[in-house]
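Residue numbers (the UniProt record's numbering): 1 to 284.
All residues carry an ideal CB built from backbone N, CA and C; glycine is no exception.
Notes follow the structure.
Set out below in C-alpha cells:
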C-alpha cells in the first residue's frame with residue numbers, strides 16, 4: 001500500500017488562489033511557483049510468500065491450461081511421435097510447442113523469471129548467514145562453496161528453462177534437446193547442492209527447514225530422470241508402443257518436483273517481506 005504524506009493544504013486568498021501558488025513579480029516578469037510532491041517512508045511492500053506462490057502458479061497454471069486445451073482441440077498434433085506409434089500422454093514440449101498454447105506458456109515463463117532471480121539471490125544471502133555461524137573452518141569452506149554453486153546453478157537452470165521455452169522442438173529440435181539436457185543436469189545438481197549445504201554442521205547451527213523435503217524431491221527427480229532416459233531410448237531406438245507415454249509421465253513428475261523444490265522458499269523464509277522505500281527513509 002502506498003503511503004504518501006499529504007502536502008500542507010494551502011489557504012486560498014480572496015481571489016481563490018493558494019498563497020504559495022500566487023504568481024510573483026521579479027524584474028517586471030511574472031513567474032509562477034510550482035509545488036513539489038515528495039514521497040516519504042514505505043512506498044510498497046509485499047510478503048515474499050505471495051511472490052513465490054505467484055511464481056509457482058504461473059508455470060503450473062500455464063501447464064494445466066496447455067494440456068487441457070491441447071488435448072481437447074489438437075489431440076492429433078500433440079500425440080504424433082517420431083516412430084508414429086500409439087501414444088496416450090503428450091510431452092510438455094508437445095503441448096507447449098503448438099499455437100496458441102506456446103504464447104500462453106511463454107508469457108507465463110517470462111513473468112516467472114523475475115521472482116526466480118530474486119529467490120536465487122535471497123537463498124544466496126540466506127546460506128551465507130547460516131555459513132557464518134559454522135565454527136569448523138573446513139565445514140565453513142565447504143558450505144561457502146556449495147552456497148555459491150547453488151546460486152550459479154540456479155542461474156544456469158533459469159537460462160536453460162528460458163531457452164527450452166522460447167526454442168520449441170518444432171522450430172529447432174536439435175537445439176531444444178540440448179538445452180533440455182542442460183536444464184535437467186543443472187536442476188538435479190542444484191537440488192543436490194541445496195540438500196547438502198542445508199545439513200552441513202547441523203550439530204552447530206540449525207539445519208535448513210526444508211532440507212528433508214529437498215532430499216525427497218531430489219530422489220523423486222533422480223528416479224523420474226532415469227525413467228525418462230530409459231523410456232526415451234526405448235521410443236527412439238526400438239519404437240515401442242507407449243514408450244513415449246512413459247517418457248511424458250516421467251517428464252511431468254520431474255517438472256512437478258522441480259516446481260515444489262523452488263516453492264520450498266515459503267517455508268524457509270516464511271516471514272520475509274519485500275519493501276520499496278523512498279530515499280533516505282527507514283522502516284523500524
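| task | List the whole-angstrom C-beta distance separating residue 106 from residue 151, where the pair is believed to meet the contact cut-off of C-beta under 8 angstroms. | result | Actually they do not touch by this definition, with Cβ atoms about 26 angstroms apart.
| message | Looking at residue 78: is its Cβ nearer than 8 angstroms to the Cβ of residue 94? | response | The Cβ-Cβ distance between residue 78 and residue 94 falls below 8 angstroms.
| message | When you compare the CB positions of residue 266 and residue 52, do they come within less than 8 angstroms of one another, or not? | response | In this structure, residue 52 lies closer than 8 angstroms to residue 266 by Cβ.
| task | Kindly give me the distance between the Cβ atoms of residue 254 and residue 228, rounded to whole angstroms, as I take these residues to be in contact under 8 angstroms. | result | Sure, about 7 angstroms apart at Cβ, within 8 angstroms.
| query | How about residue 158 and residue 117: are their beta carbons less than 8 angstroms apart? | reply | Contact flag set, yes.
| request: Decide if residue 119 is buried, meaning its Cβ has at least 16 other Cβ atoms within 10 Å, or exposed. | output: The residue in question, residue 119, is buried, as its Cβ has 16 or more Cβ neighbours within 10 Å.
| message | Restricting to Cα atoms, I'd like to know which of 214, 205, 164, 246 is closest to residue 257. | response | The candidate whose alpha carbon is nearest that of residue 257 is 214.
| field | For residue 200, three-class secondary structure by DSSP | value | Residue 200 falls in the coil class under three-state DSSP.
| Okay, do the segment 236-246 and the segment 81-98 touch, 3+ Cβ pairs below 8 angstroms being the bar? | With the cut-off at 8 angstroms, the segment 236-246 and the segment 81-98 touch.
| Enumerated in chain order, which unbroken segments of the alpha helix (DSSP H) with a length of 4 residues or greater are wholly contained in the segment 86-121? | Qualifying alpha helix (DSSP H) stretches, in chain order: 92-96.
| query | How would you call residue 219, buried or exposed, if buried means at least 16 neighbouring beta carbons within 10 angstroms? | reply | Flag for residue 219 reads exposed.
| residue 273 bridges to which residues according to DSSP? | Residue 273 pairs with 47.
| field | Residue from 83, 75, 62, 70 whose Cα sits closest to the Cα of residue 233 | value | Of the candidates 83, 75, 62, 70, 83 places its Cα closest to the Cα of residue 233.
| Burial state of residue 33 (16 or more Cβ within 10 Å) | Residue 33 is exposed by the Cβ-count criterion.
| task | Figure out for me which residue from 235, 223, 135 has the closest Cα to the Cα of residue 204. | result | With distances taken between CA atoms, residue 204 lies nearest to 135 out of 235, 223, 135.
| query | Quick one, are the C-beta atoms of residue 188 and residue 221 less than 8 angstroms apart? | reply | A contact, by the Cβ cut-off of 8 angstroms.
| So is residue 198 buried or exposed if we call it buried at 16+ other beta carbons inside 10 Å? | A residue is called buried once 16 or more other Cβ atoms fall within 10 Å of its Cβ, and residue 198 is buried on that count.
| query | residue 290 and residue 275 look like a contact to me (Cβ under 8 angstroms); what is the Cβ gap, rounded to whole Å? | reply | Any question about residue 290 goes unanswered here, given that the chain covers just 1 to 284.
| field | Selection from 40, 126, 164 that minimises the alpha carbon distance to residue 288 | value | Examination of residue 288 is not possible in this model, given that the chain is present from 1 through 284 alone.
| Apart from the five residues on each side of it in sequence, which residues of its chain come closer than 7 angstroms, Cβ to Cβ, to residue 139? | Answer for residue 139: 200, 201, listed in chain order.
| Which two residues bound the contiguous alpha helix (DSSP H) that contains residue 157? | DSSP places residue 157 in the uninterrupted alpha helix (DSSP H) bounded by 137-166.
| Is it buried or exposed for residue 58, if we count other Cβ within 10 angstroms and need 16 for buried? | Buried, since its Cβ has 16 or more Cβ neighbours within 10 Å.
| Beta-carbon proximity check, residue 252 vs residue 92, cutoff 8 angstroms | Inclusion of residue 252 and residue 92 in the CB contact set at 8 angstroms is warranted, their separation being smaller than that value.
| query | Can you give the beta carbon distance from residue 186 to residue 223, rounded, assuming they're within the 8 angstroms contact cut? | reply | The pair is not a contact, with the Cβ atoms about 18 angstroms apart (cut-off 8 angstroms).
| Residues sharing a beta bridge with residue 42, DSSP | 277, per the DSSP bridge assignment.
| Using CA coordinates, which residue listed in 248, 49, 236 is at the minimum distance from residue 273? | Of the listed residues, the one whose Cα sits closest to residue 273 is 49.
| In this structure, does DSSP put residue 230 in helix, strand or coil? | Helix at residue 230.
| message | For a test of the three-state rule: what should DSSP assign to residue 288, helix, strand or coil? | response | Residue 288 lies beyond the stretch modelled for the chain, which goes from 1 to 284, so this question has no answer here.
| message | Would residue 146 and residue 193 qualify as a contact pair, given that the criterion is a beta-carbon distance under 8 angstroms? | response | Inclusion of residue 146 and residue 193 in the CB contact set at 8 angstroms is warranted, their separation being smaller than that value.
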